[in-house]
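Residue numbers (this note's numbering), protein chains in the order written: chain S, 993 to 1491; chain P, 993 to 1491. Virtual Cβ for every residue (Gly too), placed ideally from N, Cα, C. All values reported here derive from a predicted model rather than from experimental measurement. Written out below as structure tokens is the structure these notes cover.
Number of protein chains: 2
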Amino acid sequence: MNIHYDARLDGDLPRQDKATVLADLKRSVPDMTLLHREEDLRPFECDGLSAYRALPMLVALPDDLEQVATLLIRCHALGVPVVTRGAGTGLSGGALPLEQGVLLVMSRFDRILEVDPDARTARVQPGVRNLAISEAAAPYGLYYAPDPSSQIACSIGGNVAENAGGVHCLKYGLTVHNVMRVELLTLEGERLVLGSEALDAPGFDLLALINGSEGMLGIVTEITVRLLPKPETAKVLMASFDDVAQAGRAVGDIIAAGIVPGGLEMMDNLAIRAAEDFIHAGYPVEAAAILLCELDGVEDDVDADCEAARRVMEAAGAIEVRQARDEAERALFWAGRKNAFPAVGRMSPDYYCMDGTIPRRALPQVLETIAELSETYGLRVANVFHAGDGNMHPLILFDANREGELERAEALGGQILEACVAAGGSITGEHGVGREKINQMCVQFQSDELTTFHSVKAAFDPKRLLNPGKNIPTLARCAEFGALHVHHGKLPHPDLPRF
Amino acid sequence: MNIHYDARLDGDLPRQDKATVLADLKRSVPDMTLLHREEDLRPFECDGLSAYRALPMLVALPDDLEQVATLLIRCHALGVPVVTRGAGTGLSGGALPLEQGVLLVMSRFDRILEVDPDARTARVQPGVRNLAISEAAAPYGLYYAPDPSSQIACSIGGNVAENAGGVHCLKYGLTVHNVMRVELLTLEGERLVLGSEALDAPGFDLLALINGSEGMLGIVTEITVRLLPKPETAKVLMASFDDVAQAGRAVGDIIAAGIVPGGLEMMDNLAIRAAEDFIHAGYPVEAAAILLCELDGVEDDVDADCEAARRVMEAAGAIEVRQARDEAERALFWAGRKNAFPAVGRMSPDYYCMDGTIPRRALPQVLETIAELSETYGLRVANVFHAGDGNMHPLILFDANREGELERAEALGGQILEACVAAGGSITGEHGVGREKINQMCVQFQSDELTTFHSVKAAFDPKRLLNPGKNIPTLARCAEFGALHVHHGKLPHPDLPRF
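Written out as structure tokens, the structure is:
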């Protein structure tokens, strides 16, 4: 593991004898694929956040629900931690294995069970790829809206675990807004059905609770998602600005004008140059920032919105607003954006992608803070992000081979997330907390809230065996990190009493 | 209390001596209004579901957060149950007092703290009326979308507790989709801040968990809601059908055609006649059913949608489709719908309003089942409901003065809700479970899910003092009701193993 992480602070994780666990599981679930040799475990040592690595004790690749349930019941009985993994594309280390735990890989649950065009739903297994759902729905003119950049590869189960987002979340919501029903196995092998195909479900909203819970409450075994009709048309505007703050303000102005773009993305000069160099999308390399604003819907409506958005961006100081001439140019404009991460990657041996969310009106101010921090730490930062929903993705460029640069990048990243919280935002927009941002959770929440999280966790998993050390920090960790109570240290409403 | 309810099945609720509790609270929270004489308690004996009545031990009307916190801490220490009440307009008995408990009335928390037109949010106290938020936002061209029929009177805190809906939820979502942040006091007086003004918040989604939790997890003390821009225009179509099932099918057809109405309501002949007699809205009294279909948005778009919706309804068998000529006629069409409950009330000494949700495609079938049940039980049922989101409101007409009719109405209501569950739906759409539907929860969920609900409840309120006996039934109650496991008794996917 490259990045320093003190596991002691996550409480006493159990450590069982590998041979005993292996023998037990082989006996209990004889037909299940179980990997245990180092060379077989190696491919699973990290997820998309490759700076964090650990070899799991064992990797289980079950084929059916009964195998999963039996595996869980045995791990519960043996006291072995279980980390669940989908496609392993996550960017916060949520599926990072534990050396003393079983990695439960759900990739064989890859069946689309039903597409119902009338109800506009798809019922799928968790290992189904995000894009495969839209492909299966395409013959009916429907699609699944949340579109993480990794949608070719990432699994819908992982999307639920991390409450994944994407370019279109501004208009169509995060994963939690597009999932209607899940089936779940608890660590004790109980099967829960949460949500329904109807509008609402009674009782506590455990369906929402599961979304973004990072495999800490149970193992999702089936998912029913909402499908949407494909918009009749989509058009994209590219606006150039010679000032980053102006571009940030234009974002708020577009929304304030009552326009809801299908996507509203921002790139700063460093990102523009990197992408242009890589993709030749026709981006203005001299611009301080560009906005890509996509309007989708019915033709007339989209044309009217394009005009309105153009006027707003010009009034906000855009030096040029270009509309993609045709579908090919629209695809090219997006190709630049979608390849911005690897493009920036070509500029530097390593980069570290952050993910924080802020209220839109804070964009100019937080962008300025990031620029100042970049200077202070002596590391370049490229900004490419979902501006419309205030979801920032600063990419910190560094060279892990240079002494101390990784640590500086980590520290800078932490500072950026704390700036997001200070601006009234949050330390994640769509990548989740995982292992990566566990310390920043101490900045986001005070001890009462963290205690409540732990109590809710215990309601599902009293032995704390599901994905321990991720998502929710222990109070000991926060005390060590020195950040306990910071959030309420500066109360948003000083007239209210502190309890 | 008129309706039979066996409190023993909710477990052993504590019963403290009234004089002791009163003396303690007077001493601990000396400035708080505390009602204890029978004539002062009487106005609080029921909420909008007036068939259920109980006098609370005490009524507390705090003025500020510190009084609420101290009250809660004392009730926790004394072991006194606490039921929280907003405006008392709820229709499922969620705010029904407990004879051995304190009724915490939040009506004095009625300040709108901030309207932020740029962020499009309003920060309010829980006692603020639903409509008052839209009134405060109106100068900025904004409004708060969820619109329960009681929106003139109901409080936003109660809306959060019951996850309230309304006519416009099809397009704009339930309360949970429009609340961004809440502040909460636990029974131990801890203050939790859940959600944020940003797109997403890390950790478990406790914000969604609070919505619809019926005062069982904590006391909401501040709410930040999302505001939406008022649509440029709204137009309404009224389609008449001579067959209820055809109208039901037309609902699914409209949605399948890619049209998202602002509201899509259905009334059957009994409801049409009652409303017409009362309001003179110009409804076709011979029709078996009407649909009211409102399209809102930009003028051109709305016109195109009106044409498309008209074609779909005609193809589905509508005998007439009329568009409201002007704003006055549009208001009149809606006045008939909005007054349908009291209008039906004029036809019968008593009526009982049910609230179940089903997948849209099941509408024709469930409407037929309701007609059959109505005949079997010898009680008339009027149907007036949010057809677009499958949220049914059968109104059962009865006369409580006739021997056995109340019990028959209750039994018929229960059968209707069970038919909703059997059709893949749920026992509530927007009214909540409260006391009224606690037995039907045993039909909706199996014991594993109920146990998980209780564990989550215990994470917030281990002593089970917050609104006990509502929302989540004990397993003892379900065993008595004889319905444990019914839901999974008929597995939706028989190929999957039972655990």
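The beta carbon of Gly1244 (chain S) is closer than 8 Å to those of Arg1352, Arg1353 and Leu1355 in its chain, skipping five residues each way along the sequence.
Put simply, the CB of Ile1215 (chain P) is far from chain S, with every gap to its CB atoms at 8 Å or more. Take Asn1203 (chain P), set aside five residues on each side of it, and the residues of its chain with a beta-carbon closer than 7 Å to its own are Val1152, Asn1155, Thr1167, Val1168 and Val1171, in chain order.
Here Ile1350 (chain P) is near Gly1416 (chain P), since their CB atoms are less than 8 Å apart. Less than 8 Å separates the beta-carbon of Leu1096 (chain S) from that of Ala1052 (chain S). If you draw a 10 Å sphere on the C-beta of Gly1085 (chain P), you find 16 or more other C-beta atoms in it, and that means buried. Residues of the stretch 1233–1248 of chain P with a C-beta atom less than 8 Å from some C-beta of chain S are Gly1244, Ile1247 and Ala1248, listed in chain order. Under the three-state reduction of DSSP, Thr1167 (chain S) is assigned to helix.
For Lys1462 (chain S), there is no enclosing beta strand (DSSP E), since its DSSP letter is neither H nor E. DSSP places Gln1117 (chain S) in the coil class of the three-state scheme, outside both helix and strand. Chain S places no beta carbon closer than 8 Å to that of Phe1473 (chain P), leaving this residue out of the contacts.
Residue contact check for Ile1350 (chain S) against chain P: a CB pair falls below 8 Å.
Between the C-alpha atoms of Val1060 (chain S) and Ala1379 (chain S) there is a straight-line separation of about 40 Å. For Asp1293 (chain S), the chain P residues whose C-beta falls within less than 9 Å of its own C-beta are Gly1289, Val1290, Asp1292, Asp1293 and Ala1296, listed in chain order. For the options S:Leu1083, S:Arg1317 and S:Arg1469, the alpha carbon positioned closest to that of Ser1042 (chain S) is the one of S:Leu1083. If you check the CB distance, Leu1287 (chain P) and Leu1162 (chain P) do not come in under 8 Å. Taking a beta-carbon distance threshold of 8 Å, Ile1408 (chain S) does not count as an interface residue toward chain P.
DSSP assignment within the stretch 1301–1340 of chain S yields the following whole alpha helix (DSSP H) runs of 4 residues or more, N-terminal first: 1319–1330 and 1332–1337. Taking C-beta atoms as the reference points, Ala1200 (chain S) and Leu1283 (chain S) fail to come closer than 8 Å.
Annotated three-state conformation of His1068 (chain S) is helix, per DSSP. Around Met1433 (chain S), the same chain offers Ile1419, Val1425, Leu1442, Asn1463, Ile1464, Pro1465 and Cys1470 as residues with beta carbons nearer than 8 Å, after the five sequence neighbours per side are excluded.
Excluding the 5 residues flanking it on each side, Cys1038 (chain P) has same chain C-beta neighbours closer than 7 Å at Tyr1044, Arg1045 and Leu1088, in chain order. Around Phe1445 (chain P), the beta-carbon contacts reaching into chain S at under 7 Å are Gly1195 and Phe1196. Asp1056 (chain P) and Met1024 (chain P) have their alpha carbons spaced roughly 9 Å apart. Each of S:Gly1195, S:Phe1101, S:Ile1125 and S:Arg1241 was checked against the Cα of Val1358 (chain S), and the nearest Cα belongs to S:Arg1241. 8 Å or more divides the Cβ of Gly1195 (chain P) from the Cβ of Glu1268 (chain P). When beta bridges are read from the DSSP output, Asn1375 (chain P) appears opposite P:Pro1386.
The residues Gly1078, Met1098, Ser1099, Arg1100, Phe1101, Asp1102, Ser1147 and Gly1149, in chain order, have a CB closer than 7 Å to that of Gly1119 (chain S) in the same chain once the five nearest residues on each side in sequence are set aside. Contact of Gly1416 (chain P) with chain S is assigned, a C-beta pair being separated by under 8 Å. For the options P:Asp1292, P:Phe1445, P:Ala1316 and P:Ala1266, the alpha carbon positioned closest to that of Cys1285 (chain P) is the one of P:Ala1316. Taking the beta carbon of Val1168 (chain P) as reference, the chain S residues within 8 Å of it are Asp1197 and Ala1200, listed in sequence order. Going by C-alpha positions, Val1294 (chain S) is about 10 Å away from Val1252 (chain S). Around the Cβ of Ala1335 (chain S), a 10 Å sphere holds 16 or more other Cβ atoms; the residue is buried.
The beta carbon of Pro1221 (chain P) sits closer than 7 Å to the beta carbons of Gly1133 and Leu1134 from its chain, once the five residues preceding and following it are set aside; these are given in chain order. Secondary structure at Phe1196 (chain P): coil, using DSSP grouped into helix, strand and coil. DSSP places Lys1449 (chain P) in no beta strand (DSSP E) but in the uninterrupted alpha helix (DSSP H) bounded by Ser1439 to Phe1452.
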